[in-house]
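Visitor: Position one of the sequence shown corresponds to residue 2 (the working numbering), numbered consecutively onward.
Ideal Cβ placement from N, Cα and C applies to all residues, glycine included.
Next up is a structure, given as structure tokens.
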Amino acid sequence: MVSQTTAQAPADAPPPAAPPAYEPPEYEPPVYGSGELAALAARHGLTVSGARPSLPAYVRQLWGRRHFITAFATAKLTAQYSQAKLGQIWQIMTPLLNATVYYFIFGILMKTKHGVPDYVPFLVTGVFIWTFTSSSITAGTRAISGNLGLVRALHFPRASLPIALALQQLQQLLFSLGALTLILLAFGQYPRPSWLLAVPALALQAVFNTGVSMVVARLAARTPDIAQLTPFILRTWMYASGVMWSMDTMLRGNSVPHLVKLALELNPAAVFIDLMRFALIDSFGAGQLPPHVWAVAAGWALICGVGGFIYFWKAEESYGRG
């Protein structure tokens, strides 16, 4: 009988080598130039996410969102005083209370009402029109920073936000004009054909306000501290706009340097206030208006409206980032 024995490896022998792992051939992606990448993206219908559209395309997008802009403005206006017991009455009470304070401080204590016929209609008109501008600019500082959730969640033309907030302030002004009309009637200012001039004056002011609102919206989106500085700028601007006193009386004479007088006459806020006073108040005649006042108002509306829109559009892709 033959026995077979199997040879055993020594205990200290190294284990058998494992078979080599499979290594796929190294892949080298093709290298494209910038022009080739653009052509490749265009061939497959790819676009840069969040890229700024052309100006005509941007305008078309805004027009397509016109119902959203109107609904957003109306909703903001409705919710503005929703927590107050008097509700929307504060839209009228706020400028009236401001006018009352200004009347006692400037009209009585500082005696600025002397030499100004129909001072109460003069003052109330100035306060209401100034509030329209200051509120639009203040709202513009929060247009982007106050709606970051909406900006980051949805894709839409960002100019919709400052435009909607400016429209909200226009709606509030139109609502408050009812109270202004009652005050004018109470002080003997009755409707006359010149009241129709209030329509183009308010239209030009609305375009101006919207343009400035878009400028501060872009600035505040990048530098939030602008919102803290804005109230001081607006307060200084208000004092230089003849809200509480007559610019014509203040500039009369030779005591004011020519450049200062020219700057005050061309002040856009003062121009729009004077146009509304000329339209609504009998005693405020054409002689109290600066030269070429309608051309100045139209120029400010065109420069700020178009310029502010383009300035805001230039940074379209940066809003909500960072």
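Just list the alpha helix (DSSP H) runs in the stretch 267 to 312, keeping only unbroken ones of 4 residues or longer that don't cross its boundaries, in chain order.
Guide: 269 to 281
Visitor: Can you tell me the Cβ-Cβ gap for E318 and A52, rounded? I've got them flagged as a contact below 8 Å.
Guide: 6 Å
Visitor: Pairing CB atoms from the stretch 278 to 296 with CB atoms from the stretch 195 to 202, are three or more of them under 8 Å?
Guide: yes
Visitor: Can you name the start and end residues of the alpha helix (DSSP H) that P96 belongs to?
Guide: 91 to 103
Visitor: What does the Cβ neighbour count give for R324, buried or exposed, with the cut at 16 atoms within 10 Å?
Guide: Beyond the ends of the chain as shown, which are 2 and 323, falls residue 324; an answer cannot be given.
Visitor: Return the first residue and the last residue of the alpha helix (DSSP H) that G141 is part of.
Guide: Its alpha helix (DSSP H) spans residues 120 to 142.
Visitor: For F209, name the three-state secondary structure that DSSP assigns.
Guide: If DSSP states are grouped into helix, strand and coil, F209 belongs with the helices.
Visitor: With a threshold of 16 other CB atoms inside 10 Å of the CB of P96, please say whether the residue is buried or exposed.
Guide: Here P96 is buried. Its C-beta has 16 or more other C-beta atoms within 10 Å.
Visitor: Would you check if the stretch 133 to 143 and the stretch 209 to 228 touch, i.e. whether three or more CB-CB distances between them fall below 8 Å?
Guide: yes
Visitor: Enumerate in chain order the residues of its own chain whose CB-to-CB distance from Y59 is below 8 Å, with the five nearest sequence positions on each side excluded.
Guide: R53, P158, A160, W314, E317
Visitor: Let me know if A154 comes out buried or exposed under the rule of 16 or more other beta-carbons within 10 Å of its beta-carbon.
Guide: exposed
Visitor: Taking the alpha helix (DSSP H) that L110 falls in, what are its first and last residues?
Guide: That residue, L110, is in no alpha helix (DSSP H); it is neither H nor E in DSSP.
Visitor: Would M248 and A264 be called neighbours here (beta carbons separated by less than 8 Å)?
Guide: no
Visitor: In the DSSP assignment, find the alpha helix (DSSP H) that holds Y59 and state where it starts and stops.
Guide: According to the DSSP assignment, Y59 belongs to the alpha helix (DSSP H) that extends over 56 to 65.
Visitor: Please report the distance separating the alpha-carbon of D119 from that of T113.
Guide: 12 Å
Visitor: Mark V307 as exposed unless 16 or more other C-beta atoms lie within 10 angstroms of its C-beta, in which case mark it buried.
Guide: exposed
Visitor: CB-CB under 6 Å to G127, same chain, minus the five flanking residues each way: which ones, in chain order?
Guide: V244, I274
Visitor: For the putative contact between I138 and T237, defined by C-beta atoms under 8 Å, what is the C-beta separation to the nearest angstrom?
Guide: Not quite, the Cβ-Cβ distance comes to about 13 Å (not below 8 Å), so this is no contact.
Visitor: So, for P291: in the same chain, excluding its five sequence neighbours on each side, which residues have a beta-carbon less than 6 Å away from its beta-carbon?
Guide: E266
Visitor: Restricting to Cα atoms, I'd like to know which of G288, L185, W131, R219 is closest to V239.
Guide: Correcting the residue identity first, residue 239 is Met in this sequence and not Val. When only C-alpha atoms are compared, the closest one is W131.
Visitor: Helix, strand or coil for A199? Go by DSSP, reduced to three states.
Guide: helix
Visitor: Just reading off the alpha helix (DSSP H) that A228 is part of, what are its end residues?
Guide: 227 to 240
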